[in-house]
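Numbering follows the numbering used here, in which position 226 of the sequence shown is assigned residue number 1042; successive positions increment by one, without gaps.
Comments concern the structure below.
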Amino acid sequence: MYEDIVENLAEGVVAVDLEMTVRVFNQSAEKMTGVSRSLVIGRPLCEVLKRDLRIVEMIEKTLREGRLFAEYDEKLHSRFSGELPVGVTTSQIFDADGNLTGAAALIKDLSGVKSLEAGTLRKERLAYIGTFAANLAHEIKNPLSGIRGAAQLLKKKVKDEKLDEYARVIMKEADRLNLIVNEMLDFARPANLKKKPVNIHMVLDSVILLLQEGLGPAAIVKGYDPSLPAVWGDENQLTQVFLNLVKNAREAIGPKGSIEVRTRMITEFHIVDENSPGGKMAAVEVRDNGCGIRPEDLEKIFTPFFTTKPKGSGLGMAISLKIIKEHGGYLRIDSAPGKGTAVAVYLPTVEKEKG
Ligand SMILES: Nc1ncnc2c1ncn2[C@@H]1O[C@H](COP(=O)(O)OP(=O)(O)OP(=O)(O)O)[C@@H](O)[C@H]1O
Ligand SMILES: [Mg+2]
């Protein structure tokens, strides 16, 4: 019975006799070290764990001096998976007559716990950065409106053309900074979505109307699926998403480029992502034949402030992704440098929300 218990413990058990020779080495110890028991029983511990001499030392101290270690953070070398964070607990072993016969160590695999800790830490840090950014943005806005106001007064007073131009630049740049700060505040603020059924085609039409200015009439091609049900979402926020996406497409294409905006129904969602709940989703695809995105930039484009444009703020994609996630949707992006980019947005439809 005792043997079975030791054998089946999730913790690795290593026990030595008075000569520091290995006597017990359970299954979990085998798994953690990647060394078979048949090779270690009867051999000196310092040879068996020759890369983990600190653990050997701990067991030796326990045996000789009676020092005990409890959940002591250590590293264990595993033959297959490199270094493993472990917690080591040691104890002396006595026989029925109270004579010291050896020492044992219980070795706990902490790799799961450690990665959990790292994840929580990352989230906390992100939350902290969010608050920090929101405070900073807020603090910037007041002096900024002061600067803009002063420039406006200046502009009224000066007659010199050059000086007038300078004042205009100050105002223009202050407005740009204000826009960025507002976007930052939007990004940091927790979502407050007002969801209702949204006709996504109307949203797309208003976006296209806004961004078509200056483009030829054939530059934006629409391909709508007329049977598309309403999407369950916040109209303003969704408008912002597609404004960002179509604006990016517009900025990516040359004078001869074109943009396609298409919608369709997706009934079998697992085609796109096997982890998704499935059900009916509306897909909106914004495709351009512009400059494309370099593979090494692809994963960075959702990072706030990542931009390759001289006047970009780098917040468009980050905000869009955040909004889409808050809608329970997905975003997929395909891009080839020199060929173009396709961004697909999947959003839950009203039908699915009811079901
Ligand atoms: N359709 C696209 N074609 C080519 N590159 C794109 C496209 N969409 C995004 N990108 C790349 O991703 C980067 C980040 O996009 P994002 O919209 O977040 O910021 P931005 O467009 O640079 O600035 P902002 O949108 O704030 O004005 C862009 O700078 C660009 O390099
Ligand atoms: Mg953009």
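C-beta: ideal position from N, C-alpha, C; glycine also.
Values in this document were obtained by computation on a predicted structure and should not be read as measured data.
According to the neighbour-count rule (16 or more other Cβ atoms, all chains shown, within 10 Å of its Cβ), is Asp925 buried or exposed?
-> Sequence index remark: in the sequence shown, residue 925 carries index 109 (1-based). Classification of Asp925: buried, given that the 10 Å Cβ count is 16 or more.
With a CB to CB cut of under 7 Å and the five nearest residues on each side skipped, what residues in its chain are close to Val872?
-> Walking along the sequence shown from the start, residue 872 turns up at place 56. If we look at Val872 and ignore the five residues flanking it on each side, its Cβ neighbours are Leu861, Cys862, Leu865.
Name the two residues that bound the continuous beta strand (DSSP E) containing His893.
-> Your numbering for residue 893 matches position 77 in the sequence shown. Segment 888-894, the beta strand (DSSP E) holding His893.
How close, in whole Å, do the beta carbons of Leu1137 and Val1047 come, if the pair is a contact with beta carbons under 8 Å?
-> Here residue 1137 refers to the residue found at position 321 when the sequence shown is read from its first residue. Here residue 1047 refers to the residue found at position 231 when the sequence shown is read from its first residue. Actually they do not touch by this definition, with Cβ atoms about 17 Å apart.
Per DSSP, what kind of secondary structure is Pro1111 in: helix, strand or coil?
-> For the purposes of this step, residue 1111 is identified with residue 295 of the sequence shown, where counting begins at 1. In this structure, Pro1111 counts as helix in the three-state DSSP scheme.
Hey, which unbroken runs of the beta strand (DSSP E) at 3 residues or more fall wholly within the region 1004-1037?
-> 1012-1014
Same chain, Cβ closer than 6 Å to Gly1171, neighbours up to 5 away in sequence not counted | The sequence position of residue 1171 within the sequence shown is 355, counting from 1. Only weak support exists for where Gly1171 lies, its pLDDT of 40 falling under 50; the value from the coordinates is given anyway. Taken in chain order, the list of residues that qualify is empty.
To which residues of the same chain is Ala921 closer than 6 Å at the C-beta, ignoring the five residues directly before and after it?
-> Taking the first residue of the sequence shown as position 1, residue 921 is located at position 105. Val830, Ile875, Val904, Thr906, listed in sequence order.
Collapsed DSSP secondary structure at Leu960 in the structure displayed | Here the question's residue 960 lines up with position 144 in the sequence shown. Helix.
With 16 as the cutoff for other CB atoms within 10 Å, does Ala1004 come out buried or exposed?
-> As a first step, residue 1004 is located in the sequence shown; it is residue number 188 there, counting from the start. Per the 10 Å Cβ criterion, buried.
Please indicate yes or no: does the CB of Asn1060 lie closer than 7 Å to some heavy atom of ligand 2?
-> The residue given as residue 1060 occupies position 244 in the sequence shown. Yes.
Where Val1088 falls: helix, strand or coil (DSSP) | Counting from one through the sequence shown, the residue named residue 1088 turns up at place 272. In this prediction, Val1088 has a pLDDT of 45, which is less than 50 and means its spatial position is unreliable; nothing more can be read from the coordinates.
DSSP beta-bridge partners for Lys924?
-> Residue mapping note: residue 924 aligns to position 108 of the sequence shown, counting from 1. Bridge partners of Lys924: Gly903.
Closer than 5 Å: residues whose CB approaches a heavy atom of ligand 2 = This criterion selects Asn1064, Gly1132.
In the DSSP assignment, what residue or residues form a beta bridge with Gly898?
-> For the purposes of this step, residue 898 is taken as residue 82 along the sequence shown, with counting starting at 1. The partner list for Gly898 (beta bridge, DSSP) reads Ser894.
Alpha carbon to alpha carbon, what distance is there between Leu1031 and Arg1080?
-> Indexing the sequence shown from 1 puts residue 1080 at position 264. Indexing the sequence shown from 1 puts residue 1031 at position 215. Between Arg1080 and Leu1031, the alpha-carbon positions lie close to 25 Å from each other.
Please confirm whether Ala845 and Ile923 have their CB atoms less than 8 Å apart.
-> Indexing the sequence shown from 1 puts residue 845 at position 29. Indexing the sequence shown from 1 puts residue 923 at position 107. Yes. Within cutoff.
Residues of its chain near Ser1074, where Cβ-Cβ distance is below 8 Å and the 5 sequence neighbours each way are ignored = Within the sequence shown, numbered from 1, the residue matching residue 1074 stands at position 258. Correct list, in chain order: Ala1034, Ala1035, Ile1036, Val1037, Asp1104, Asn1105.
May I ask you to check if the CB of Asp1113 is nearer than 7 Å to at least one heavy atom of ligand 1?
-> Translated into the one-based positions of the sequence shown, residue 1113 becomes position 297. Yes, the beta carbon of Asp1113 sits closer than 7 Å to at least one heavy atom of ligand 1.
Cβ-Cβ distance between Glu1051 and Val1014 below 8 Å | Taking the sequence shown and counting its residues from 1, the one referred to as residue 1051 is at position 235. Taking the sequence shown and counting its residues from 1, the one referred to as residue 1014 is at position 198. In this structure, Val1014 lies closer than 8 Å to Glu1051 by Cβ.
Give a yes or no on contact between the region 850-860 and the region 889-898, applying the rule of three or more CB pairs nearer than 8 Å.
-> yes
For Ile1075, which three-state DSSP category applies?
-> Your numbering for residue 1075 matches position 259 in the sequence shown. Ile1075: strand per DSSP, three-state reduction.
In the DSSP assignment, find the alpha helix (DSSP H) that holds Ala1134 and state where it starts and stops.
-> Counting from one through the sequence shown, the residue named residue 1134 turns up at place 318. That run of the alpha helix (DSSP H) goes 1132-1142.
Nearest-angstrom beta carbon gap, Leu970 and Ile1016 [assumed within contact, 8 Å] | In the sequence shown, counting from the first residue as 1, residue 1016 sits at position 200. In the sequence shown, counting from the first residue as 1, residue 970 sits at position 154. The pair is not a contact, with the Cβ atoms about 46 Å apart (cut-off 8 Å).
Hey, would you say the C-beta of Ala1035 is under 7 Å away from at least one heavy atom of ligand 1?
-> Within the sequence shown, residue 1035 is the residue found at index 219, counting from 1. Not one heavy atom of ligand 1 falls within 7 Å of the beta-carbon of Ala1035.
Roughly how many whole angstroms lie between the Cα atoms of His1086 and Gly1144?
-> In the sequence shown, residue 1086 corresponds to position 270, counting from 1. In the sequence shown, residue 1144 corresponds to position 328, counting from 1. Model confidence at His1086 stands at a pLDDT of 46, short of 50, so the residue's coordinates are unreliable and nothing is read from them.
By a C-beta neighbour count over all protein chains shown, 10 Å radius and 16 as the cutoff for buried, is Thr1157 buried or exposed?
-> As a working note, residue 1157 is residue 341 in the sequence shown. Counting Cβ neighbours within 10 Å, Thr1157 comes out buried, since at least 16 surround it.
Taking only heavy atoms of ligand 1 into account, decide whether any of them is closer than 7 Å to the Cβ of Phe1003.
-> Position 187 of the sequence shown holds residue 1003. Short note on Phe1003: C-beta not closer than 7 Å to any heavy atom of ligand 1.
DSSP on Gly965, reduced to helix/strand/coil?
-> Mapped onto the sequence shown, residue 965 falls at position 149. In the structure shown, Gly965 sits in a helix (DSSP, three-state: H, G or I).
Thinking just about the alpha-carbon of each residue, which of Ser854, Pro1120, Asp833 is nearest to the one in Asn842?
-> Position 26 of the sequence shown, counting from 1, holds the residue named residue 842. Ranking Ser854, Pro1120, Asp833 by Cα distance to Asn842 puts Ser854 first.
Using a threshold of 7 Å, is the CB atom of Ile1024 nearer than that to any non-hydrogen atom of ligand 1?
-> Residue mapping note: residue 1024 aligns to position 208 of the sequence shown, counting from 1. Not so, every heavy atom of ligand 1 lies at least 7 Å from the Cβ.
One or two residues paired with Arg1148 in a DSSP bridge | As a position in the sequence shown, residue 1148 is number 332, starting the count at 1. For Arg1148, which the question treats as bridged, DSSP gives the partners Ala1160.
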